[in-house]
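A.B. asks: This is the structure I want to talk about, given as structure tokens.
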Amino acid sequence: MAQFKHPQILIASNLTDGEVVFLGASGWERDHRHARVARSAEDAAALEACGRRDICANRVVDAYLADVEIGGDGAPSPMHYREKMRVKGPSVRLDLGKQAAGGAP
Amino acid sequence: MTAHDPEAMRRANAPTTTYRYDEYDAALVRERVAEFREQVRRRLAGALTEEEFRPFRLMNGLYLQLHAYMLRVAIPYGTLTARQMRRLADIADKWDKGYGHFTTRQNLQYNWPKLVDTPDILEALADVEMHAIQTSGNCIRNVTADHFAGVAPDEIEDPRPTAEFLRQWSSLHPEFSFLPRKFKIAVTGAAHDRAAIMVHDVGLRIVRNDEGEIGYQVVVGGGLGRSPFVGKVVGDFVPRRDLLAFLEAIMRVYNRFGRRDNKYKARIKILVHEKGIDDIRAAVEAEFAAMDRSVFAHDPAEFERIAGFFAPPPYESLPSDSQMLRAAKLETPAFANFADVNVGAHKIPGYAIVTVSLKPIGGVPGDASSDQMRVLAEASERFGFGELRVSHEQNIILPHVKQDDLFALWRTLDAAGLATANAGLVSDIISCPGLDYCSLATARSIPIAQAISTRFADMSRQRRIGKLGIKISGCINACGHHHVGAIGILGLEKKGQESYQITLGGDPTFSASIGEILGPGVTAEQTPDVIEHLVDFYLAEREEGEAFIDTWRRIGHARFKDVLRREGEDGADI
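As structure tokens, this is what we get:
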């Protein structure tokens with residue numbers, strides 16, 4: 001098991017429309033701020049197990065863990081610029097993607 | 106959809122100068138749509154896992170990207186009819202987000218389709234004789250060609266009949282559907298290479314021998330990506346009657362000896378590099394000699410049938426110089442700039458080739474809104490026999506415009522934000538989608554293109570600089586062709602940050618060369634400064650009429666490296 005350095009969330013793509021989704025407390029969420037946060041290697045393994053289950057159930061594809069930092073409001077936000085992009089949308093089209101709906105800070 | 110309007114139907118029946126499906130072609134594409142519809146249904150029903158489904162969707166051009174699925178639509182040899190362009194616009198509105206992205210392989214990508222809608226999109230494409238077959242996967246991809254095909258004054262022969270011939274040969278070819286890796290073919294028939302044939306898996310150059318017979322110089326093993334190579338000549342003159350057999354021999358040698366154990370070493374360029382061109386040539390010639398060539402015997406009647414679709418449109422007999430053009434240029438300086446920069450010579454007197462730049466200052470290279478696509482379709486019907494081309498430089502070409510009509514065309518384009526007079530200039534930047542869309546990317550490329558374009562926004566400055574190709578890729582796969590940019594920019598990740606490696610001296614033409622790395626990577630913020638200093642250094646050093654690549658070759662890479670070194674001394678962390 002990889003060394004656990006930062007809190008993590010599980011990111012995937014929704015099967016039917018390809019939109020980026022995040023594993024939440026009661027299913028897949030479209031807003032990363034509602035993602036379940038793993039705070040230990042065991043938590044992270046549990047998230048991954050949920051991801052594998054939902055891949056087998058044909059709900060999502062390409063699930064993986066991403067490091068996050070926790071903001072003052074307790075919500076997670078990705079640390080790496082690639083995942084920062086995924087929670088918002090294209091930086092060159094602010095009218096598109098999650099950011100367009102005002103859902104992603 | 107507007108394509109079902111009576112007016113659209115009238116336009117659909119207008120004569121075109123591109124290949125039209127016969128019953129066999131139409132049935133094949135319809136069957137493929139039905140097959141994919143069933144595959145999607147089974148995937149959504151859970152009968153297919155993603156691992157099982159992925160090869161099916163890829164062979165139909167459907168990727169899963171950073172934010173959504175992406176559908177890549179084939180535009181064979183970059184040629185489109187007005188009707189097809191309208192349908193692309195309609196699809197963008199109905200199933201995507203109102204725009205499309207024209208790529209460096211003369212294709213179009215939709216960035217937001219839903220999996221559930223894809224079969225309907227493919228059906229809508231089939232209505233206008235289009236598809237997404239073999240725009241992905243380890244097969245022979247869309248065959249590309251000179252975007253000035255059929256109209257360039259320096260042309261021996263229109264390369265599109267050959268490209269179409271090869272498309273028919275390679276489409277769903279069972280022997281070549283599971284190659285070690287993807288395989289790209291480009292064709293040119295001109296004295297100047299506008300199709301970058303030297304950096305394709307196979308490049309074909311139409312040539313004429315001493316007896317006046319048309320044949321092909323065949324180049325093999327070129328390519329960009331992780332390991333860039335300039336192709337090498339494997340056949341100096343392959344007569345047309347032997348072309349298919351010769352290509353079949355190349356493919357068989359590749360299929361037999363190409364590496365399948367390591368995807369990074371699986372392209373034919375690696376095989377050519379490791380074995381050497383002499384061994385490859387010997388293997389191809391041996392296969393060619395041993396094979397039953399009767400199967401591939403050239404059918405001149407079939408070639409002529411295909412060539413007939415590319416017959417010249419009914420040009421008028423016109424003087425070579427247009428008084429209307431001359432007067433409009435004098436009266437309207439903005440139009441004069443456009444005419445000087447974006448309008449090229451045509452082989453027919455009184456006509457011109459127009460490059461419509463999809464690179465507005467600060468814009469996204471290659472993107473066009475659905476409204477702009479409709480304007481282009483309309484403009485092609487009013488001014489250019491209803492034909493358009495997509496260039497690998499991510500621009501749109503109107504190949505048959507009367508010089509007398511250029512001013513009216515310019516006004517139409519200008520009203521739609523399509524009259525940027527920068528074709529071939531420093532702001533006409535080739536850029537892949539990069540990390541703004543692509544799941545493979547390691548850095549963004551579009552914002553770098555936008556920043557450089559904005560830095561050089563002054564059009565008179567751009568014209569003083571002259572032709573200069575900047576090409577940007579967001580990862581080592583090099584979809585933005587950075588290796589062959591006079592100035593190339595490669596986006597990478599360095600210590601968790603986006604970093605940009607600059608190369609100089611790339612050349613995509615017959616005198617092809619791979620760019621050399623300038624020095625350590627720079628940040629996104631530093632990149633426009635570095636590019637500007639390199640351009641200023643070039644301007645200071647160039648001799649009369651010298652292009653950037655010529656100055657670089659004359660004075661050497663080391664002198665340009667000093668520019669980056671001085672940047673570092675100025676305090677930049679490079």
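These protein sequence lines are chains A and B, in that order. This note's numbering numbers the first residue of the first sequence as 1 and each following residue consecutively. This note's numbering numbers the first residue of the second sequence as 106 and each following residue consecutively. We treat Cβ as the ideally placed atom computed from N, Cα and C, and that holds for glycine. Treat the numbers as computed from the prediction; the structure is a model and nothing was measured.
(1) With H, G and I counted as helix, E and B as strand and the rest as coil, what does DSSP make of LYS666/B?
(2) Are the segment 328-344 of chain B and the segment 580-587 of chain B in contact at 8 Å, needing three or more beta carbon pairs?
(3) How would you list, in chain order, the residues of chain A whose beta-carbon sits under 7 Å from the beta-carbon of GLY601/B?
(4) Can you give me the C-alpha to C-alpha distance between MET85/A and ASP472/B, rounded to a whole angstrom?
(5) List the residues of chain B that VAL68/A touches, going by C-beta distances under 7 Å, in chain order.
(6) Which residues bound the alpha helix (DSSP H) around SER475/B?
(7) Excluding the 5 residues flanking GLY203/B on each side, which residues of the same chain have their C-beta closer than 7 Å to its C-beta?
(8) Does the beta carbon of LEU171/B come closer than 8 Å to any beta carbon on chain A?
(9) What are the uninterrupted segments assigned as beta strand (DSSP E) that are 3 or more residues long and contained completely in the segment 326-402 of chain B, given in chain order?
(10) Against ILE11/A, what residues of chain B qualify as contacts under a CB-to-CB distance less than 8 Å, listed in chain order?
(11) Along chain A, which residues have their Cβ under 9 Å away from the Cβ of ASP541/B?
(12) Just grab the DSSP bridge partners of LEU171/B for me.
(13) Check ARG313/B in the structure and name its three-state DSSP category.
(14) Considering VAL640/B, what are the terminal residues of the alpha helix (DSSP H) in which it resides?
(15) Going by DSSP, what residues sit across from ARG494/B in a beta bridge?
(16) By a C-beta neighbour count over all protein chains shown, 10 Å radius and 16 as the cutoff for buried, is PRO264/B buried or exposed?
(17) Please specify which runs of the alpha helix (DSSP H), each continuous and at least 4 residues long, are wholly inside the segment 230-307 of chain B, giving them in chain order.
(18) Just to confirm my understanding: we take ASP678/B, look at its own chain, exclude 5 residues before and 5 after, and list those with CB closer than 6 Å. What are they?
(19) Report the partner residues of TYR64/A according to the DSSP bridge assignment.
(20) Taking one C-beta from the segment 474-488 of chain B and one from the segment 521-541 of chain B each time, how about it: are there three or more such pairs within less than 8 Å?
(21) Where does ARG177/B sit, in a helix, a strand or coil, going by DSSP?
(22) If distances are taken between C-alpha atoms only, which option among LEU573/B, PHE642/B, PHE615/B, TYR168/B comes closest to ALA652/B?
(23) At the level of alpha carbons, what is the spacing between ASP62/A and ALA12/A?
(24) Any idea which residues DSSP pairs THR460/B with across the strands?
(25) Using a C-beta cutoff of 8 Å, does ILE551/B count as contacting chain A?
(26) So if DSSP puts PRO76/A in a beta bridge, which residue, or which two residues, is it bridged to?
(27) Between which two residues does the alpha helix (DSSP H) carrying ILE594/B extend?
(28) Can you tell me the Cα-Cα spacing of LEU514/B and PHE488/B, whole angstroms?
(29) Going by DSSP, name the residue or residues bridged to GLU621/B.
(30) Please report how far the alpha carbon of HIS586/B lies from the alpha carbon of TYR605/B, in whole angstroms.
(31) List the DSSP bridge partners of PHE22/A.
(32) On a CA-only basis, which of GLY255/B, ILE373/B, ASN314/B is nearest GLY308/B? Give me that one, please.
(33) If you run the structure through DSSP and keep just helix, strand and coil, what is SER604/B?
(34) Just checking: is the beta-carbon of LEU149/B within a distance shorter than 8 Å of some beta-carbon in chain A?
(35) Buried or exposed: LEU94/A, going by 16 or more other Cβ atoms within 10 Å of its Cβ?
(36) Tell me which residues share the same chain as PRO470/B and place their Cβ nearer than 6 Å to its Cβ, disregarding the 5 neighbours each side in the sequence.
C.D. replies: In short, the structure shows the following:
(1) helix
(2) yes
(3) HIS80
(4) 19 Å
(5) Result: empty, since nearest Cβ-Cβ is about 14 Å, beyond 7 Å.
(6) 475-488
(7) ALA197, SER474, SER475
(8) yes
(9) 337-344
(10) The contacting residues do not exist; ILE11/A stays about 11 Å from chain B at best.
(11) MET85, GLY89, PRO90, SER91, VAL92, ARG93
(12) DSSP lists no partner for LEU171/B.
(13) strand
(14) 632-646
(15) THR184/B, ILE502/B
(16) buried
(17) 265-275
(18) Reliability of the predicted coordinates at ASP678/B is poor, the pLDDT of 43 falling under 50, and the value obtained from them is presented with this limitation in mind. Cβ neighbours of ASP678/B beyond the five flanking positions: none.
(19) ILE11/A
(20) yes
(21) strand
(22) LEU573/B
(23) 5 Å
(24) ILE502/B
(25) yes
(26) ILE70/A
(27) First-last for ILE594/B: 592-599, but that is the beta strand (DSSP E), not the alpha helix (DSSP H).
(28) 7 Å
(29) LEU609/B
(30) 14 Å
(31) ILE11/A, GLU29/A
(32) ILE373/B
(33) strand
(34) yes
(35) exposed
(36) LYS464, GLN499, ILE534, SER536, ALA554
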